[in-house]
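*Asks:* I have a structure here, written as structure tokens, and I will follow up with some questions on it.
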Amino acid sequence: MTVSQVSFGSHEPVLDVKDLTVKYVGDTRSTTAVDRVSFSIGTGEVFGLAGESGCGKSTIANSIMRLLKDPAKIARGSISFGGKDVLAMSPEELRRFRWQDVAMVFQSAMNSLNPVLTIGEQIVDIFTTHAGYSRKESLRRAADLLELVRIDPSRLKSYPHQLSGGMRQRAVIAMAVALKPSLLILDEPTTALDVVVQQEIMAQIKELQRELGFSVLFITHDMSLMVELSHRMAVMYGGRIVETAKAQDVYANPRHPYTQALMGAFPPLTGPRVPLTGLPDGVKFRNIPDLTEVAPGHLVAPFGADAEALVLEGAAR
Amino acid sequence: MSHSALSPTRPDVSTQTPALEVRGLGKSFPIGGLFSRQSVRALHCVDLTIGRGEIVALVGESGSGKSTLARCVARLEKPSAGAILVDGVDVLKRDRFQASRAFRSRLQMVFQDPFGSLNPAHRIEHFLRRSLTIHGKGGPESETQRRLEELMTTVGLQADMLNSYPHELSGGQRQRVAIARALAVEPQVILADEPTSMLDVSVRIGVLNLMRKLRDEQGISMLYITHDLASARYLADRTAVMFAGELVEEGESLDLLANPAHPYTQLLVSAVPDPARAGSYDPVRRAELRQAVMASTGCAFDGDPNQACSASEPVRHQVGDAANRHWVRCHLYRPRAGAGGHALATEPVATEPVATEHTDKKASA
Ligand SMILES: Nc1ncnc2c1ncn2[C@@H]1O[C@H](COP(=O)(O)OP(=O)(O)OP(=O)(O)O)[C@@H](O)[C@H]1O
Ligand SMILES: Nc1ncnc2c1ncn2[C@@H]1O[C@H](COP(=O)(O)OP(=O)(O)OP(=O)(O)O)[C@@H](O)[C@H]1O
Ligand SMILES: [Mg+2]
Ligand SMILES: [Mg+2]
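Chains U and Y, in that order, give the protein sequences. Residue numbering for the first sequence follows numbering that gives the first Met the number 0, beginning at 0 and increasing consecutively. Residue numbering for the second sequence follows numbering that gives the first Met the number 0, beginning at 0 and increasing consecutively.
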């Protein structure tokens, strides 16, 4: 079942993930990190992915980028990008696919820059190798990019360890948009950014996105930010999608108990301090069934009495 | 679990030696090549006090020096100026103190980057075991095992993850291991640098409640560095705001966020994402606020005979009721960022940074 009918922009999905199942097969622990997940992203659409910590979001992103390493196994499902089967791409196709077609800001961005090269050298590298620009031209563009993410161009000469956590994150965002990919995957890109810089950078990305028409897969725990920026979104729990709809609908009318817990757990900025709880202690969802449509474009995994086991495992502590 | 703790249960900090006191802390880093004279002034004249059993949030601009402050206190960075007192002891004067077990058992840091701070060669169990050793709890193996499992449950992780390597964990799972590692030591002071940024809100609330419980039950003091103003308000007794290497405002958390006095704090509060006003980013209003931060010309306290203003020296004005311990640095005093500049100093550029070719993809919606 696909939900591309409610895509924004063009109706042609850029990315189509169908029935994806990914397992990590270890000798001590085997995990089904992603369990029969389907979603698609239209041209020019911003698609948000939220969910429990450890529910498989980064695994999905890595599957799309074909970056899964042993012991990860794609057990079933398909991923297609612009009509092409991503899982069948040759190493050569993959090289182009990774930088030019799809770029990703990893969750580990702060830690993913090359420690022995300056920020400038790393950005210039991208331009000279992938776009064939001259060094001088590349440097000019590198400086522009840093300004886009609010870093003084004099920092081109800095090594990663000389930058703050948020500056490193911003440098990686700059590198990801450098080649103007058709799909940008952002895996928690702003965890180290203050809200002012975060808002300005996301506004810039959104602006660029509108102008160039690329699509975005946006993973974040910041539900407010997600609802503000995404057209559609999906909420995951335990490897499965439990709810998907237009972001505004998920915000205004969350149906699944886990989505409701997510939406209700952020403390307010005004009023008295009131104690909050996340999910009540010991509540776990098991055997989550397939999504069903509850309103146009709003799909929810059935829950309650017999459809889904809501296990009270007894307080964890 | 009782939640009565949510009412301000501030300990009487005035009569006790503070858990942590930072005086006139300064730190500059050289940047550029070996022979370059450029430097970044990461911290300048920072004064901050954390009472026993007090939680202080540190918020502020990305790159403003928050991590550097914590790293100086944890003795991972050598300050260029100032003094750091832990439990009244000047740790900079005590050299042997630095590496000593006593210091580490008293003060623990949770690092900002969970992907860079766990040695990939070790299993999770190793990190927690080592922390238990620092705490000096040898004890029988069965007791250690019980404690290890307890620590994992405390941060919402399954005990079988003790056998995993860091690369097998998700971002949020690593973050929780980092928290458990600090807790295992049972320190008196925790410096937590964005400890919950990769946790979903429902787990995050659990961790924040846990920290509050530790404070209430064990009197732990905490510096909580965060970009999440709402969580600062939820957890911290006081909140301090950092901008361009200096503290610009500080006060009781509810009061500070309700009545931000410094233009930068006002800017910060205005930028908190809020789905209720989706698409609320207003470049015009933003430009005005930026202007106010970068070139403050007027000070609300100018002319108040009890509160002197100064453009050349940082003066702290009291805001409102003294009970809120809310002060703001005089607006007339302008930030002097180091050579690297800071995020606000970089004007927004036209949104066509590198766009020239690429006409093929333009999808006019
Ligand atoms: N290399 C690996 N070996 C074994 N298990 C793994 C491995 N990588 C990830 N996992 C497990 O797979 C599950 C999903 O991980 P993933 O990183 O996709 O989560 P996530 O949704 O991105 O979480 P977070 O929000 O905390 O980053 C987790 O339970 C994790 O422990
Ligand atoms: N080792 C270093 N060498 C040179 N400059 C450094 C070094 N460490 C930090 N800096 C600089 O000091 C300033 C403050 O950095 P710091 O990491 O303390 O910021 P921060 O407030 O923690 O920011 P963020 O919220 O982005 O993590 C930045 O300009 C940074 O580039
Ligand atoms: Mg992740
Ligand atoms: Mg930092």
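C-beta: ideal position from N, C-alpha, C; glycine also. Computed from a predicted structure; not experimentally measured.
Against U/L278, what residues of chain Y qualify as contacts under a CB-to-CB distance less than 9 Å, listed in chain order?
*Replies:* As a working note, residue 278 of chain U is residue 279 in the first sequence. Ordered by position in chain Y, the residues that pass the 9 Å Cβ test against U/L278 are S201, V202 and G205.
*Asks:* Any heavy atom of ligand 2 closer than 7 Å to the CB of U/M166?
*Replies:* As a working note, residue 166 of chain U is residue 167 in the first sequence. Yes, ligand 2 has a heavy atom inside 7 Å of this Cβ.
*Asks:* Mind reading off the beta-carbon distance from Y/R232 to Y/L256? Whole number of angstroms is fine, and I expect it under 8 Å.
*Replies:* Position 233 of the second sequence, counting from 1, holds the residue named residue 232 of chain Y. Position 257 of the second sequence, counting from 1, holds the residue named residue 256 of chain Y. Indeed they touch by this definition, with Cβ atoms about 5 Å apart.
*Asks:* If I follow the unbroken beta strand (DSSP E) through U/Y23, where does it start and stop?
*Replies:* One-based indexing of the first sequence puts residue 23 of chain U at position 24. P12 to V24 is the extent of the beta strand (DSSP E) around U/Y23.
*Asks:* Determine the DSSP secondary structure at U/Y236, reduced to helix, strand or coil.
*Replies:* Position 237 of the first sequence, counting from 1, holds the residue named residue 236 of chain U. Three-state DSSP puts U/Y236 in a strand.
*Asks:* According to the neighbour-count rule (16 or more other Cβ atoms, all chains shown, within 10 Å of its Cβ), is U/A294 buried or exposed?
*Replies:* Reading the first sequence from its first residue, position 295 is the one you call residue 294 of chain U. Exposed, because fewer than 16 other Cβ atoms sit within 10 Å of the Cβ of U/A294.
*Asks:* Measuring straight from C-alpha to C-alpha, what distance separates U/M225 and U/E242?
*Replies:* If you number the first sequence from 1, residue 225 of chain U lands on position 226. If you number the first sequence from 1, residue 242 of chain U lands on position 243. For U/M225 and U/E242, the distance between alpha carbons rounds to 15 Å.
*Asks:* Could you check what DSSP says for Y/L42 in three-state terms: helix, strand or coil?
*Replies:* In the second sequence, the residue the question calls residue 42 of chain Y occupies position 43. Three-state result, Y/L42: strand.
*Asks:* Would you list, in chain order, the members of the segment 185–199 of chain U that have their beta-carbon closer than 7 Å to a beta-carbon of chain Y?
*Replies:* E187, T190, A191, L192, D193, V194, V195, V196, Q198 and E199
*Asks:* Compare the Cα-Cα distances from U/R285 to each of U/H297, U/G296, U/P301 and U/V273 and report the closest residue.
*Replies:* As a working note, residue 285 of chain U is residue 286 in the first sequence. The option with the nearest alpha carbon to U/R285 is U/P301.
*Asks:* If you draw a straight line from the C-alpha of Y/P262 to the C-alpha of Y/A322, how long is it?
*Replies:* Counting from one through the second sequence, the residue named residue 262 of chain Y turns up at place 263. Counting from one through the second sequence, the residue named residue 322 of chain Y turns up at place 323. Approximately 22 Å between the Cα atoms of the pair.
*Asks:* Any contact between the segment 196–207 of chain U and the segment 261–279 of chain U? By contact I mean 3 or more CB pairs, one from each, below 8 Å.
*Replies:* Under the three-pair Cβ rule at 8 Å, the segment 196–207 of chain U does not count as touching the segment 261–279 of chain U.
*Asks:* Can you tell me whether Y/T192 sits near ligand 4, meaning its C-beta is under 7 Å from at least one heavy atom of the ligand?
*Replies:* Here the question's residue 192 of chain Y lines up with position 193 in the second sequence. It is Asp, not Thr, that sits at residue 192 of chain Y in the sequence shown. True, at least one ligand heavy atom lies under 7 Å from that Cβ.
*Asks:* For Y/A260, count neighbouring C-beta atoms within 10 Å of its own C-beta (all shown protein chains included) and say buried if the count is 16 or more, exposed if not.
*Replies:* Your numbering for residue 260 of chain Y matches position 261 in the second sequence. With 16 or more Cβ atoms within 10 Å of its Cβ, Y/A260 is classed as buried.
*Asks:* Relative to the alpha-carbon of U/S79, which residue among U/T190, U/S62 and U/K283 has its alpha-carbon at the smallest distance?
*Replies:* Counting from one through the first sequence, the residue named residue 79 of chain U turns up at place 80. The shortest Cα separation from U/S79 among U/T190, U/S62 and U/K283 belongs to U/S62.
*Asks:* Hey, quick one: how far does the beta strand (DSSP E) through Y/I83 stretch, first residue to last?
*Replies:* Your numbering for residue 83 of chain Y matches position 84 in the second sequence. Where Y/I83 is concerned, the enclosing beta strand (DSSP E) stretches over A80 to V85.
*Asks:* Are any of the Cβ atoms in chain U nearer than 8 Å to that of Y/A338?
*Replies:* Taking the first residue of the second sequence as position 1, residue 338 of chain Y is located at position 339. Legend: pLDDT at Y/A338 = 42, less than 50; position of this residue unreliable, value from coordinates given subsequently. Yes, contact with chain U.
*Asks:* Run down chain Y in chain order and give the residues with a C-beta less than 9 Å from the C-beta of U/K122.
*Replies:* Position 123 of the first sequence, counted from the start, is the residue given in the question as residue 122 of chain U. Lys is not the amino acid found at residue 122 of chain U; the sequence shown has Ile there. Correct list: empty, because the minimum Cβ distance to chain Y is about 10 Å.
*Asks:* Quick one, which of U/V45, U/V234 and U/V215 has its alpha-carbon nearest U/V299's?
*Replies:* By one-based count along the first sequence, residue 299 of chain U stands at place 300. Among U/V45, U/V234 and U/V215, the Cα nearest to that of U/V299 is on U/V234.
*Asks:* Looking only at its own chain, which residues have a Cβ that is under 8 Å from the Cβ of U/S223, when we skip the five neighbours before and after it?
*Replies:* The residue labelled residue 223 of chain U in the question sits at position 224 within the first sequence. Hits under 8 Å: F265.
*Asks:* Report whether the distance from the Cβ of Y/T67 to the nearest heavy atom of ligand 2 is below 7 Å.
*Replies:* Counting from 1 along the second sequence, the entry for residue 67 of chain Y is found at position 68. It does: the Cβ of Y/T67 is within 7 Å (strictly closer) of some heavy atom of ligand 2.
*Asks:* Going by other Cβ atoms of all chains shown within 10 Å of its Cβ, with 16 needed for buried, is U/V101 buried or exposed?
*Replies:* Here residue 101 of chain U refers to the residue found at position 102 of the first sequence. Burial call: buried.
*Asks:* Taking 8 Å as the threshold, find out whether the segment 78–93 of chain Y comes into contact with the segment 235–255 of chain Y through three or more Cβ pairs.
*Replies:* With the cut-off at 8 Å, the segment 78–93 of chain Y and the segment 235–255 of chain Y do not touch.
*Asks:* Here's the rule I'm using: 16 or more other beta-carbon atoms within 10 Å means buried, otherwise exposed. How should Y/G155 be labelled?
*Replies:* As a working note, residue 155 of chain Y is residue 156 in the second sequence. Y/G155 is buried by the Cβ-count criterion.
*Asks:* Can you pull the chain A residues whose beta carbon is under 8 Å from the beta carbon of Y/L24, in chain order?
*Replies:* This model lacks chain A altogether; the protein chains it does include are U and Y.
*Asks:* Could you check whether U/L112 and U/R344 sit closer than 8 Å to each other, using their CB atoms as the reference points?
*Replies:* Residue 344 of chain U falls outside the range modelled here, since chain U spans only 0 to 316, and no answer is possible.
*Asks:* Would you call the CB atoms of Y/I224 and Y/A177 closer than 8 Å?
*Replies:* Along the second sequence, read from residue 1 onward, the residue named residue 224 of chain Y stands at position 225. Along the second sequence, read from residue 1 onward, the residue named residue 177 of chain Y stands at position 178. No, these two residues do not count as a Cβ contact at 8 Å.
*Asks:* With distances taken from CA atoms, which of Y/E20, Y/G171 and Y/I219 is nearest Y/D46?
*Replies:* Along the second sequence, read from residue 1 onward, the residue named residue 46 of chain Y stands at position 47. Nearest of Y/E20, Y/G171 and Y/I219 to Y/D46, Cα basis: Y/E20.
*Asks:* For U/A170, go through chain Y and note every residue whose CB falls closer than 9 Å to its CB, in chain order.
*Replies:* Here the question's residue 170 of chain U lines up with position 171 in the first sequence. None at all; the shortest Cβ gap to chain Y is about 11 Å.
*Asks:* Taking only beta-carbon positions, decide if U/A175 is within less than 8 Å of chain Y.
*Replies:* As a first step, residue 175 of chain U must be located in the first sequence, where it is residue number 176. Not one chain Y Cβ lies under 8 Å of U/A175.
*Asks:* Which residues in the same chain as Y/C298 place their Cβ atom closer than 6 Å to its Cβ, once the five residues preceding and following it in sequence are excluded?
*Replies:* The count along the second sequence starts at 1 and reaches residue 298 of chain Y at position 299. C308, C329, H330 and L331.
*Asks:* For chain U, check one thing: does any of its Cβ atoms lie closer than 8 Å to the Cβ of Y/R146?
*Replies:* For this step, residue 146 of chain Y is matched to residue 147 along the second sequence. Cβ-Cβ to chain U under 8 Å: no for Y/R146.
*Asks:* Give me the Cα-Cα distance between Y/L222 and Y/A120, rounded to the nearest whole angstrom.
*Replies:* Within the second sequence, numbered from 1, the residue matching residue 222 of chain Y stands at position 223. Within the second sequence, numbered from 1, the residue matching residue 120 of chain Y stands at position 121. Near 29 Å, if we compare the C-alpha coordinates of Y/A120 and Y/L222.
*Asks:* Which residues in the same chain have their Cβ closer than 6 Å to the Cβ of Y/E185, if we skip the five residues on either side of it in sequence?
*Replies:* Locating residue 185 of chain Y in the second sequence gives position 186, counting from the first residue. For Y/E185, where only same-chain residues beyond five positions count, the Cβ hits under 6 Å are H134.
*Asks:* Assuming U/L144 is part of the alpha helix (DSSP H), what are its boundary residues?
*Replies:* Residue mapping note: residue 144 of chain U aligns to position 145 of the first sequence, counting from 1. Start and end: R134 to L147.
*Asks:* In whole angstroms, give me the CA-to-CA distance for U/C54 and U/S37.
*Replies:* For the purposes of this step, residue 54 of chain U is taken as the residue at position 55 of the first sequence. For the purposes of this step, residue 37 of chain U is taken as the residue at position 38 of the first sequence. In a straight line, the C-alpha of U/C54 is about 15 Å away from that of U/S37.
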